[in-house]
């Protein structure tokens, strides 16, 4: 469908750097019919010459435009289990909760229901780009790609490969099956979105314990051959790390296992990275592989506390992942808060320099994520030529103090707050109700019921 | 206003013990005109003889009745700062964020606005009982008591005392001022609620660093003399603990400072208790003093991780506190999640026995809190003779998977979930939207807009 030229007027906020958020209080951003940013003006709310016929959308109340969130690690198929994990840890969690659920995606009706829901719900939380793990099922994985395209969410869609240490009823029968099924999913995306403009296929070996060296080497070959990105898990839990050591006695480390399979490249996303050694982090940096930090999941499953500030200071590229359903939430806003909180726990033992600030968490949620998925030239901030992947955030004033308008969301602006305070209130107390509209590549993909734009 | 006899029909859930939640799927609870529970029936949804003329309220969708939450530690006056704390820790946080805000409560219009808001908002989160720290101002503190009474929230209202280590513009000039002002606030509650039926005054020395031994001894005397409960902070942060050691060199410990002042009794609520020694915990147990665990605050301010399971196993009485605005949230549901998450971080170093379960967190939020405030015979669970302090929780089914009804709240029931799963989904993914109605002592004090009861 054709897009209307639009000028977005009001405050816009985005990350200027890892540590600094740029707040332009009276700005305007023009977005062309191609969904790309045509101009960014800091100090004018006037519609410029040549844009007089454009649609105008203004922020409301204490509102602002903010880049869409990037979820660098989420299991779309596990969404029905969000919040259900008991006191389990990774390896028993997989068998108890996860494999039985994922295996049900051989039923396409079930897949349609869950995937429509998770895409609609994450859009409502402002997630404009998501890196999805699907399941082993080719039709359901392709359906997820179709749903993302139809609903307008930028997505990386991965067919999960695993050929051992999973139940008989839910695993790849052979290396050939894993590679062939992965190819079918790549081919499907090439058909529906040949330029990978919105949807990108992603090669997805689950993780080293459930993949033989053979299947990883074959997928590494596919990765190198096709240039299609890949995603997997690494070093999430100590028992898992010990298992990898046992399964791959020849490899110097968990990271080396992937490297030796040809799966550690600049187009690789590694989720978790909680217990990496110095040598592993150096190898990841040398290969320019990317890290998806999943704090809610790491806390929920008692996996450990990732040293994010250490990784950042060593020059690694880090974004945030909700890791549903190891993580309970599909909201990257909530995940930003969790990232800050995990960093507090790290600081309790490692010292204050381990603390993430609100600004840093928001960077990870946007520009950091953009770099993780290799789209830093297209998304993550507001610059001319980038795609308009954005959310409108609305924070309400406390008017009649005794009347709570639950629809307006939980953030309370009493008056006198600085913009820094407002952003902090959004991060700590906000939720999906404060994300009142969401666009991907200029297309409106979510808005609050009743909102006039 | 007179209450109508009411029968609440449907599923009710409450804590049977610390580790067990009791789910009565088809139950009914009768509440008399006095707001007290007259009958509790597990296996019938029939309205019993003698109640045929009573109003009937039924749960909706995957809904259930649950005891109201008890917030055992919240600074009502700090509510406008919820989410605003930067990278500060306790002692600089007080000077940077807290004292300037609290001192503004010399203005009664400001106090009315903030206090109406925090009471309305906490009620909307299902908090039926709150232990409030107000400020040093008598008129504003009395106004908070009036507002709680008018809005129907059960509350402990404390006028803050402090006579040192706070700014000149915000401290008690003398011991006499502290005691006299405290008495005025006690007298006010005796006037508006002579039996302390809904509102209870609470003697509130801020904490040992900002109180001289003299003011604490005088307040201890007032506590013993009046029988009015008291509340304070203890052992939140290491720098604070070191400061107390320095300020009270004669005392064997932080806990002993309060004990020596006569402030450590069965009617004392101690917030935080993060860094207590074994001897201190033993003394607290011997005095039967109570603990308010404030995990969100302890993480936000990098105070430390309280050893809740240790305290529980040693027989201490523990409830949950939001500690707004050290804590970012005024929701005890969110605090229950934070308690579980902090316990995960403790488990990462201390082992799995440190983990709190969903059931344990809900116990702390209800029955634990009731014991902390000394009202375990009246609130915290559903038994005949107890007050109807309750919330109706509603969890929605996923119907049209692609349509998100944000008003219905974030919990998603896909079908097939056990009650255990539903409760876990509520705790991890729920928010105020899932609390559709709230009663205190039988009176409806909050309901979702448009809800027909």
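Residue numbers (the working numbering), protein chains in the order written: chain F, 92 to 544; chain U, 92 to 544.
Positions of the beta carbon are idealized from the N, C-alpha and C atoms, including for glycine.
Out of U:293, U:329, U:399, U:310, which has the shortest C-alpha to C-alpha gap to residue 441 of chain U?
-> Position 350 of the second chain, counted from the first residue, corresponds to residue 441 of chain U. That would be U:399, whose Cα lies nearest to the Cα of residue 441 of chain U.
Q) Is it a yes or a no for the stretch 175-195 of chain U touching the stretch 135-149 of chain U, going by three-plus beta-carbon pairs under 8 angstroms? A) no
- request: Would you kindly check if the distance between the Cβ of residue 516 of chain U and the Cβ of residue 175 of chain F is under 8 angstroms?
  value: What you label residue 175 of chain F is simply residue 84 of the first chain in a count that begins at 1. What you label residue 516 of chain U is simply residue 425 of the second chain in a count that begins at 1. Taking C-beta atoms as the reference points, residue 175 of chain F and residue 516 of chain U count as a pair closer than 8 angstroms.
- Message: In this structure, how does DSSP classify residue 331 of chain U when only helix, strand and coil are distinguished?
- Response: Translated into positions along the second chain, residue 331 of chain U becomes position 240. If DSSP states are grouped into helix, strand and coil, residue 331 of chain U belongs with the helices.
Note to self: From the DSSP secondary-structure annotation, give me the bridge partner or partners of residue 503 of chain F.
What the structure shows: Your numbering for residue 503 of chain F matches position 412 in the first chain. Answer is F:487, bridged to residue 503 of chain F.
### Task
Classify residue 507 of chain F as buried or exposed, calling it buried when 16 or more other Cβ atoms lie within 10 Å of its own Cβ.
Working through the first chain from its first residue, we reach residue 507 of chain F at position 416. Residue 507 of chain F should be labelled exposed.
* Asked: Helix, strand or coil: which one does DSSP assign to residue 121 of chain F?
  -> Numbered from 1 along the first chain, position 30 holds the residue referred to as residue 121 of chain F. Residue state, collapsed to three classes: strand.
task: Measure from the C-beta of residue 534 of chain U to each C-beta in chain F and report whether the shortest distance is under 8 angstroms.
output: Within the second chain, residue 534 of chain U is the residue found at index 443, counting from 1. By this cut-off, residue 534 of chain U is not an interface position.
Do residue 418 of chain F and residue 388 of chain F have their beta-carbon atoms positioned less than 8 angstroms apart in this structure? Position 297 of the first chain, counting from 1, holds the residue named residue 388 of chain F. Position 327 of the first chain, counting from 1, holds the residue named residue 418 of chain F. Cβ atoms of residue 388 of chain F and residue 418 of chain F: closer than 8 angstroms.
Margin query: Considering only DSSP beta bridges, list what residue 105 of chain F is partnered with.
Written below: Reading the first chain from its first residue, position 14 is the one you call residue 105 of chain F. For residue 105 of chain F, which the question treats as bridged, DSSP gives the partners F:113.
How far does the alpha helix (DSSP H) with residue 230 of chain F in it extend, from its first residue to its last? Here residue 230 of chain F is taken as the residue at index 139 of the first chain, counted from 1. Unbroken alpha helix (DSSP H) run through residue 230 of chain F: 229-242.
* Would you kindly check if the distance between the Cβ of residue 306 of chain F and the Cβ of residue 249 of chain F is under 8 angstroms? => Here residue 249 of chain F refers to the residue found at position 158 of the first chain. Here residue 306 of chain F refers to the residue found at position 215 of the first chain. No, they are not a contact pair.
- Query: Is residue 166 of chain F helix, strand or coil by DSSP?
  - Reply: For this step, residue 166 of chain F is matched to residue 75 along the first chain. Three-state result, residue 166 of chain F: strand.
Item to complete: Pull out every residue of the stretch 211-239 of chain F whose Cβ sits closer than 7 angstroms to any Cβ of chain U, in chain order.
Response: 211, 212, 215
Distance check for residue 391 of chain F and residue 505 of chain U, CA to CA, integer angstroms please. Translated into positions along the second chain, residue 505 of chain U becomes position 414. Translated into positions along the first chain, residue 391 of chain F becomes position 300. Between residue 505 of chain U and residue 391 of chain F, the C-alpha separation is close to 22 angstroms.
Residues of chain U with CB closer than 8 angstroms to the CB of residue 516 of chain F, please, in chain order.
Locating residue 516 of chain F in the first chain gives position 425, counting from the first residue. By Cβ distance, chain U contributes 173, 174, 175.
Rounded to the nearest angstrom, what separates residue 428 of chain U and residue 462 of chain U at their Cα positions? Taking the first residue of the second chain as position 1, residue 428 of chain U is located at position 337. Taking the first residue of the second chain as position 1, residue 462 of chain U is located at position 371. For residue 428 of chain U and residue 462 of chain U, the distance between alpha carbons rounds to 20 angstroms.
TODO: Pull out every residue of the stretch 479-496 of chain F whose Cβ sits closer than 9 angstroms to any Cβ of chain U, in chain order.
DONE: Of all residues in the stretch 479-496 of chain F, those with a C-beta nearer than 9 angstroms to a C-beta of chain U are 489, 491, 492, 493, 494, 495, 496, reading in chain order.
Along chain F, in chain order, which residues have C-beta atoms closer than 9 angstroms to that of residue 349 of chain U?
Position 258 of the second chain holds residue 349 of chain U. Simply none; closest approach about 25 angstroms.
Item checked: Span separating the alpha-carbon of residue 449 of chain F from that of residue 156 of chain F -> Looking up residue 449 of chain F in the first chain gives position 358. Looking up residue 156 of chain F in the first chain gives position 65. The alpha-carbon atoms of residue 449 of chain F and residue 156 of chain F are separated by roughly 17 angstroms.
Those residues which DSSP pairs with residue 156 of chain U across a bridge = Numbered from 1 along the second chain, position 65 holds the residue referred to as residue 156 of chain U. DSSP output for residue 156 of chain U lists U:103, U:483 as bridge partner(s).
(request) Could you tell me whether the Cβ atoms of residue 320 of chain U and residue 177 of chain U are closer together than 8 angstroms? (result) Within the second chain, numbered from 1, the residue matching residue 320 of chain U stands at position 229. Within the second chain, numbered from 1, the residue matching residue 177 of chain U stands at position 86. The answer is no: Cβ separation not under 8 angstroms.
Completely contained alpha helix (DSSP H) runs for the stretch 397-453 of chain F, where each covers 4 or more residues
399-404, 423-441
Practice prompt. Give the straight-line distance between the Cα atoms of residue 485 of chain F and residue 411 of chain U, rounded to the nearest whole angstrom.
Written response: Here residue 485 of chain F is taken as the residue at index 394 of the first chain, counted from 1. Here residue 411 of chain U is taken as the residue at index 320 of the second chain, counted from 1. Taking the straight line from one Cα to the other gives about 31 angstroms.
Using beta carbons (cut-off 8 angstroms, strictly below), is residue 178 of chain F in contact with chain U?
Mapped onto the first chain, residue 178 of chain F falls at position 87. Under the Cβ criterion of 8 angstroms, residue 178 of chain F is counted among the residues facing chain U.
**Prompt:** Does the beta-carbon of residue 460 of chain F have 16 or more other beta-carbons within 10 angstroms, so that it is buried, or is it exposed?
**Reply:** If you number the first chain from 1, residue 460 of chain F lands on position 369. Residue 460 of chain F should be labelled buried.
Discussion item. Let me confirm a value: residue 542 of chain U is counted as buried when at least 16 other C-beta atoms fall within 10 Å, else exposed. Which label applies?
Written reply: For the purposes of this step, residue 542 of chain U is taken as the residue at position 451 of the second chain. Exposed is the call here.
Give me the residue from F:196, F:244, F:212, F:260 with the minimum Cα distance to residue 230 of chain F. Counted from its first residue, the first chain places residue 230 of chain F at position 139. For the residues F:196, F:244, F:212, F:260, the minimum Cα distance to residue 230 of chain F belongs to F:196.
* Reference residue 371 of chain F, options F:342, F:271, F:211, closest by Cα -> Along the first chain, read from residue 1 onward, the residue named residue 371 of chain F stands at position 280. The candidate whose alpha carbon is nearest that of residue 371 of chain F is F:342.
Review point. Can you tell me the Cα-Cα spacing of residue 336 of chain U and residue 329 of chain U, whole angstroms?
Key: In the second chain, the residue the question calls residue 336 of chain U occupies position 245. In the second chain, the residue the question calls residue 329 of chain U occupies position 238. In a straight line, the C-alpha of residue 336 of chain U is about 11 angstroms away from that of residue 329 of chain U.
Worksheet item: Hey, residue 243 of chain F and residue 531 of chain F: beta-carbon distance below 8 angstroms or not?
Response: As a first step, residue 243 of chain F is located in the first chain; it is residue number 152 there, counting from the start. As a first step, residue 531 of chain F is located in the first chain; it is residue number 440 there, counting from the start. A contact, by the Cβ cut-off of 8 angstroms.
Are the stretch 150-169 of chain F and the stretch 490-500 of chain U touching by the rule of at least three beta carbon pairs closer than 8 angstroms? The stretch 150-169 of chain F makes no contact with the stretch 490-500 of chain U: fewer than 3 CB pairs, one atom from each, lie closer than 8 angstroms.
How about residue 360 of chain U and residue 222 of chain U: are their beta carbons less than 8 angstroms apart?
Taking the second chain and counting its residues from 1, the one referred to as residue 360 of chain U is at position 269. Taking the second chain and counting its residues from 1, the one referred to as residue 222 of chain U is at position 131. For residue 360 of chain U and residue 222 of chain U, yes; Cβs fall inside 8 angstroms.
> Is there a Cβ from chain U that is less than 8 angstroms from the Cβ of residue 436 of chain F?
Replying inline: Here the question's residue 436 of chain F lines up with position 345 in the first chain. So yes, residue 436 of chain F belongs to the interface.
| Between the beta-carbon of residue 121 of chain F and the beta-carbon of residue 145 of chain F, is there less than 8 angstroms? | Counted from its first residue, the first chain places residue 121 of chain F at position 30. Counted from its first residue, the first chain places residue 145 of chain F at position 54. For residue 121 of chain F and residue 145 of chain F, yes; Cβs fall inside 8 angstroms.
task = Would you check if the distance between the CB atom of residue 216 of chain F and the CB atom of residue 407 of chain F is smaller than 8 angstroms?
result = One-based indexing of the first chain puts residue 216 of chain F at position 125. One-based indexing of the first chain puts residue 407 of chain F at position 316. No. Outside cutoff.
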